[in-house]
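>
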Amino acid sequence: MARVYNFSAGPSCLPEEVLKECAAEMMEYGTTGQSVMEMSHRSSAYEPIIQDAEAMIRKLMNVPENYKVLFVQGGGSTQFAMVAQNLGIKNKKAAYIETGVWAKKAAAEAKHLGVAVDVIASSKDKNYSYIPKVEKVEGDYDYVYICFNNTIMGTHYEYIPETGNIPLVADMSSCILSEEIDVSKFGLIFAGAQKNLAPAGVTLVIVREDLIPEPENCLPGTPTMSMYKTHADNDSMYNTPPCYTIYVLGKVLHWIEKKGGAKGINKLNVEKAKYLYDYLDSSDFYHATTEVGSRSLMNVPFLTKYSTNDGSEAALAKEKEINSKFVKEAEAAGLVNLKGHRLVGGMRASIYNAMTLDGVKALVEFMKKFAAEN
Ligand SMILES: *Cc1c(COP(=O)(O)O)cnc(C)c1O
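Numbering (our numbering), first residue to last: 4 to 377.
1) Spatial neighbours of Glu322 within its chain, please: CB distance less than 6 Å, with the 5 preceding and 5 following residues excluded, ordered by chain position.
2) So the alpha helix (DSSP H) Pro51 belongs to, where does it begin and stop?
3) So, helix, strand or coil for Ser229, using DSSP?
4) Determine contact between the stretch 36-45 and the stretch 218-231, defined as no fewer than three beta-carbon pairs at a distance below 8 Å.
5) Taking DSSP as the reference, what is the three-state secondary structure of Asn340?
6) Considering only the alpha carbon of each residue, which of Ile53, Val363 and Met370 lies closest to Leu207?
7) So which of Val367, Ala113, Lys139 and Val72 has the shortest CA-CA distance to Asp236?
8) With distances taken between CB atoms, is the gap from Ala12 to Arg345 smaller than 8 Å?
9) Given a cut-off of 8 Å on the beta-carbon distance, is the pair Val66 and His234 in contact?
10) What's the call for Tyr162, buried or exposed, on a 16-neighbour Cβ count within 10 Å?
11) So, under 8 Å CB-CB, Phe288 and Ala374 are touching, yes? Tell me the CB distance rounded to an integer number of Å.
12) When the Cβ atoms of the stretch 277-288 are set against those of the stretch 135-153, are three or more pairs found closer than 8 Å?
13) In or out: Glu112 buried (at least 16 other Cβ within 10 Å) or exposed?
14) Nearest CA to the CA of Thr166: which residue from Ala98, Ser126 and Pro244?
15) In the DSSP assignment, find the unbroken beta strand (DSSP E) run with Ser353 in it and report its ends.
16) Suppose the cutoff is 6 Å on Cβ atoms and the five residues either side in sequence are ignored; what does the same chain contact list for Thr293 look like?
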């Protein structure tokens with residue numbers, strides 16, 4: 004067996020311990036004589052699995068009593084709509100901080116549903132390479148929306164905007180449980196699981212109970228499945244949940260607990276990210292694309308010295324050639340999915356919870372060798 008170091012932005016690598024446990028239980032879970040994949044979600048064998056996953060989220064994130072923990076489907080992208088449909092209902096007006104693709108998509112979806120969007124800050128002026136500082140938000144907004152970790156741009160909030168009584172909504176798809184978070188500072192947090200928590204298929208929603216509207220108060224036309232109340236009233240079992248994904252999620256959560264919970268895993272993440280950024284900052288060949296003070300611990304985009312930005316065709320061709328050479332040779336060395344997003348160019352290493360320090364060290368060793376040869 005030859006496992007690679009997988010730097011994919013998502014779906015992404017899972018802890019090997021978890022994969023092994025899943026493999027061992029594939030044919031028969033406990034004494035049930037069945038795989039978890041084959042079970043009724045209403046069975047006495049399955050119910051403890053989903054209940055444990057919820058209990059572990061509550062424990063690891065220290066979720067206050069007055070918050071619901073929901074498992075829904077449709078990915079982070081469906082939350083762009085559900086947030087507007089369930090929260091954008093009083094003044095039909097919301098504030099968005101624009102920090103890249105995912106925040107923009109969320110704002111566009113709210114607009115599409117008839118919610119007036121105020122972009123109260125943006126880092127567009129520098130190609131989203133930093134997080135704007137928004138000290139305080141005031142106004143008749145139904146909510147304030149932020150994307151806490153920008154997977155494509157590689158930025159992350161190092162502060163939480165002060166929004167007073169206005170609920171703060173955060174997309175934490177690519178940083179969930181990578182650090183300690185004070186849930187009580189947020190009205191709603193959501194995260195697609197496939198970056199840091201589980202295989203694709205489940206989306207975690209943590210929402211303050213008083214923000215869950217009655218069906219008649221949602222935006223007109225909101226489908227039953229898109230009402231938070233539907234899932235809250237039915238313990239995320241209104242319809243068939245993504246059973247197997249939730250089972251893997253539970254295992255990942257226990258793995259995080261063994262690593263010392265959010266605090267312990269954050270310490271490892273800081274160590275990994277520092278190792279990579281320190282190398283990028285000291286190198287003449289590579290540079291990080293993000294500003295110090297806004298850097299993601301999870302997604303690290305970087306360019307080479309051939310990314311000159313001088314616009315000439317020859318320079319662009321050389322840059323393209325070097326980037327694809329890097330990605331190809333890295334892959335041959337067992338380091339995969341390092342191609343950068345087209346909006347940033349260059350390379351991107353996603354180093355989520357499950358990426359090991361050994362993986363990051365192997366990447367840096369490869370980068371040194373590549374720099375010396377090119
Ligand atoms: C991946 C991602 C999304 C989209 O998630 P889907 O589950 O593919 O809809 C949204 N927001 C952020 C920050 C992401 O990284």
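Heads up, the beta-carbon is just placed ideally off N, CA and C, and yes, glycines get one too.
Per the coordinate set shown:
1) The residue given as residue 322 occupies position 319 in the sequence shown. Excluding positions up to five away in sequence, the list reads Tyr309 and Ser310.
2) By one-based count along the sequence shown, residue 51 stands at place 48. Element bounds for Pro51: Glu50 to Leu63.
3) Here the question's residue 229 lines up with position 226 in the sequence shown. DSSP places Ser229 in helix when its eight states are reduced to three.
4) Three or more beta-carbon pairs separated by less than 8 Å are not found between the stretch 36-45 and the stretch 218-231, which leaves the two stretches without contact.
5) In the sequence shown, the residue the question calls residue 340 occupies position 337. If DSSP states are grouped into helix, strand and coil, Asn340 belongs with coil.
6) Position 204 of the sequence shown, counted from the first residue, corresponds to residue 207. Checking every option, the nearest Cα to that of Leu207 belongs to Ile53.
7) For the purposes of this step, residue 236 is identified with residue 233 of the sequence shown, where counting begins at 1. Comparing alpha carbon positions, the residue from Val367, Ala113, Lys139 and Val72 closest to Asp236 is Val72.
8) By one-based count along the sequence shown, residue 12 stands at place 9. By one-based count along the sequence shown, residue 345 stands at place 342. Going by C-beta atoms, Ala12 is not nearer than 8 Å to Arg345.
9) Taking the first residue of the sequence shown as 1, we reach residue 66 at position 63. Taking the first residue of the sequence shown as 1, we reach residue 234 at position 231. Result no, Cβ atoms of Val66 and His234 do not sit closer than 8 Å.
10) In the sequence shown, the residue the question calls residue 162 occupies position 159. By the neighbour-count criterion, in which 16 or more other beta carbons inside 10 Å mark a residue as buried, Tyr162 falls on the exposed side.
11) Here residue 288 refers to the residue found at position 285 of the sequence shown. Here residue 374 refers to the residue found at position 371 of the sequence shown. That pair is a contact at about 4 Å.
12) Taking a contact to require three or more Cβ pairs closer than 8 Å, the stretch 277-288 and the stretch 135-153 do not qualify as touching.
13) Here the question's residue 112 lines up with position 109 in the sequence shown. With 16 or more Cβ atoms within 10 Å of its Cβ, Glu112 is classed as buried.
14) For the purposes of this step, residue 166 is identified with residue 163 of the sequence shown, where counting begins at 1. Ala98 is the residue among Ala98, Ser126 and Pro244 whose C-alpha sits nearest the C-alpha of Thr166.
15) One-based indexing of the sequence shown puts residue 353 at position 350. Looking at the DSSP string, the run of the beta strand (DSSP E) that includes Ser353 is Met350 to Ser353.
16) Here residue 293 corresponds to residue number 290 of the sequence shown, with the count starting at 1. Taken in chain order, the residues that qualify are Ser132, Gly157 and Thr158.
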